[in-house]
Amino acid sequence: MSDDTTTMQKSPASSRGPEQSLVLYHRDGTKVAPLPAGTTLVVGRTWPSDVVVDDRSLSRQHARFVAEEGGVRVEDLGSTNGTWHKGERVEKTKIRPGDDVRLGDVTACVHLAPWKGAPSAGLEGHDRFLERLAEEIVRARQFGRPLAVMMVKGKTHVRHWAPSLVLRPVDHASLYADDTITIVAPEPAHAYTSKLPGKVGVAMFPGDGTTAEELLSAVRRSLESGKTEPSTSDAELVAKSPRMRAVLADAARIAASDLPVLILGETGTGKELVARFVHKSSARKRKPLHTINCAAIPATLLEATLFGHEKGAFTGADRQTKGLFEQAHEGTVLLDEVGELSPAAQGALLRVLETKKLTRVGGQGEIVADVRLIAATHRDLEAMAAEGTFRRDLLYRLEGMTLVLPALRERPEEIPHLVQIFVKGRASKVEQDAWDALKKYSWPGNVRELKNAIERAVALAKDGVITAADLPERVRAQAPSPTLAPPQGDFKQRVRDQMARVETDLILDALRQTNGNQAAAARLLGMPIRTLTHKMQVLGIKKQFG
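With my numbering, letter number 272 in the sequence shown gets 262, and the count goes up by one each step, no holes.
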């Protein structure tokens, strides 16, 4: 099976023979268009191009692809950034399956599909990948099933090897960088990763993370180091804003005591970093700090994980095991996502905090637990206590001192400092358009989302220079785009152009899904056939399918 002439397969090929497809690899994924003999496709940034790729390096109508006998003729249409083949700018050239041309920053190549209508080597955009992952996390949590996130890095551009991947119908692959893809795999087979080419990183829900951003961080660490354990250098504690400086001042004051600390804040704000700061500033700093994510451990095993168990205490307990509290004797325990504790675990934790002693599951004797407890959560424990889902007496025990971390959008002055930390030694410059996008975006995933965005930008950046084009689509969508913006006062035209581009894209996608059948495409779009044909005429969409 040739890497250059196969497609991403999810079912066996029929005997109808191969059919060409034009595959466009761009920063937000791939686009695939059928390219049977006699077909002409114009690729560009906006309508009336037949294949629209919203990439600023493309001209409105960049290049024409004509499927002829013996190959595909490529014609540049006077583009600004040119059409390139074998390292040279060309006006016309001819390519065959496996060859590629570069249109600005977009790589276009011809692939052979094993049968007509077969799924091509399409890779979802990174933003869509995160949405898919979030959806699968909900399902995994609801049905108690495993979920894997994989990152595969090849030695060459993904076009050489991604088409040979054999994925299950439930899996979803996306483009992360030119040589890297990410895969969401619900309930993966035990030996699944051995079938993937290149270097592979794996993160599992819930053990390695319980949110999309956490799992993305974990799988990247796994790819880079072969480990999924969090690294102390995964992020830095930055306190350039008055609110963060006040939080650290309170943390430093409380560190010298043994009072429990409750750290509140949205996911990704750096609660674990503040916990480490408290531990390292305390008299227990030479003793261990053990961390557990309460949301990542099944409720039936959480108590044994925290307090240990005796041999034979339950099925699979083939030996005596010390719990987290025993392992952290004279040190510190961080209970992350403490709001996820089951009622039984809440009661057991309360007894340990009150008596300073614990009993292993299945055991009789009490063991002294000299541990400083730090708890962290993004949940509103006060509201949970009012609802009866979190014990109020436990809440009183946890909040010896409460630290509330502000969201990143509430401390935007720290963004430049964090970015410089994340790019240190791996990028030489961040362009102004990228800074504008980074400062304007609201960062709902906070510091972790910022770090993930910068990690990917570094992987995409050319010559170590990060531009807005290297940032995730959701980030740059909120930033001004001076390169493409129409003149002042032309707002209505800008809106018309944007609406036309979206309509064109939707209609073309529907026509491709239905192999050019306009009646079927109209049903898919939920509009009368007359409306569809009228819009095709107005938008300049020609029937080039079938």
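All residues carry an ideal CB built from backbone N, CA and C; glycine is no exception.
Quantities reported herein were computed from a predicted structural model and do not represent experimental measurements.
Quick one: residues in its chain with C-beta nearer than 8 angstroms to the C-beta of residue i, no 5 flanking neighbours on either side, listed in chain order?
i	result
ASN442	GLU203, LEU206, SER207, ARG210, GLY435
TYR431	ARG464, VAL465, GLN468, ALA469
LEU440	LEU398, ILE405, LEU408, VAL409, PHE412, LEU428, TRP433
GLU372	LEU385
GLY313	ALA294, THR295, LEU296, PHE297, GLY298, HIS299, LEU348, ARG350
Going by C-alpha distance, which of the options is nearest residue i?
i	options	result
MET234	ALA27, PRO26, ARG399	ARG399
PRO187	VAL148, PRO396, ARG63	VAL148
ASP383	LEU263, GLY506, ARG341, THR172	ARG341
ASP453	ALA417, VAL228, GLU65	ALA417
ARG17	ALA53, HIS116, VAL33	HIS116
GLN354	THR281, SER271, PHE297	PHE297
THR494	ASN505, VAL323, LEU515, ALA509	LEU515
LEU157	VAL174, GLY144, HIS150, ASP169	VAL174
PRO87	PRO26, HIS368, GLU377, ARG35	PRO26
PRO333	ASP45, LEU324, ARG79, GLU293	GLU293
ALA303	TYR15, ALA447, THR349	THR349
GLY352	THR97, GLU121, THR305	THR305
ALA500	TYR15, GLU9, LEU14, PRO24	PRO24
VAL42	GLY19, GLY28, LYS275	GLY19
VAL323	HIS280, LEU343, GLU445, GLY197	HIS280
So what does DSSP say about residue i, is it helix, strand or coil?
i	result
ASP90	strand
SER418	coil
MET517	coil
TRP433	coil
ARG79	strand
LYS301	coil
THR290	helix
ARG211	helix
TRP74	strand
LYS346	coil
LEU25	coil
LYS189	strand
THR494	helix
THR322	strand
SER154	helix
LEU137	strand
VAL41	strand
THR259	coil
GLU121	helix
GLU389	coil
LEU254	strand
VAL465	helix
Across which residues does DSSP place residue i in a beta bridge pair?
i	result
GLY10	Sequence inspection shows Gln at residue 10; the Gly mentioned does not correspond to that position. Bridge partners of GLN10: LEU102.
ARG54	VAL32, GLU65
ILE85	VAL62
SER171	The identity of residue 171 in the sequence shown is Ile, whereas the question assumes Ser. VAL142, LEU165, per the DSSP bridge assignment.
VAL351	HIS299
MET234	Answer is none; MET234 lacks a bridge partner.
ASN283	ASP326
VAL358	LYS347
ALA96	Checking the displayed sequence, the identity of residue 96 turns out to be Val instead of Ala. According to DSSP, VAL96 bridges with LEU93.
PHE195	LEU137
Tell me which same chain residues have a C-beta within less than 7 angstroms of the C-beta of residue i, skipping the five on either side of it?
i	result
VAL251	ILE244, VAL268, ILE364, GLY390, MET391, LEU393
LYS301	ALA307, ASP308, ARG309, GLN310
ILE171	LEU113, VAL142, VAL148, ALA152, ALA163, SER164, LEU165
ALA541	Residue 541 lies beyond the residue range present for the chain, which begins at -9 and ends at 536; the question has no answer from this structure.
VAL56	THR30, VAL62, ARG63
Whole angstroms is fine: what's the gap from residue i's alpha carbon to residue j's?
i	j	result
PRO153	HIS75	21 angstroms
SER247	TRP433	34 angstroms
LYS461	GLU316	First, the residue type needs correcting, since residue 461 is Leu and not Lys in the sequence shown. For LEU461 and GLU316, the distance between alpha carbons rounds to 45 angstroms.
ASP240	ARG491	52 angstroms
ASN283	SER272	22 angstroms
LEU395	LEU291	30 angstroms
SER231	LYS189	40 angstroms
PRO38	GLN527	11 angstroms
ARG513	ILE531	18 angstroms
ALA447	LEU339	43 angstroms
LYS145	ASP169	7 angstroms
ARG135	GLN422	44 angstroms
ALA335	ALA289	8 angstroms
Could you name the residues of the same chain whose beta carbon sits closer than 6 angstroms to that of residue i, not counting the 5 residues immediately before and after it, in chain order?
i	result
ALA542	The shown model of the chain, from -9 to 536, leaves out residue 542, and the question about it has no answer.
LYS84	GLY61, ARG63
THR257	THR201, HIS368
ALA427	ALA458, LEU461, VAL465, ARG466, ALA469
PRO176	GLU126, LEU137, VAL160
GLU320	LYS277, ASP360
LEU249	GLY390, MET391
ARG35	LEU48, ARG50
PHE380	LEU371, MET374
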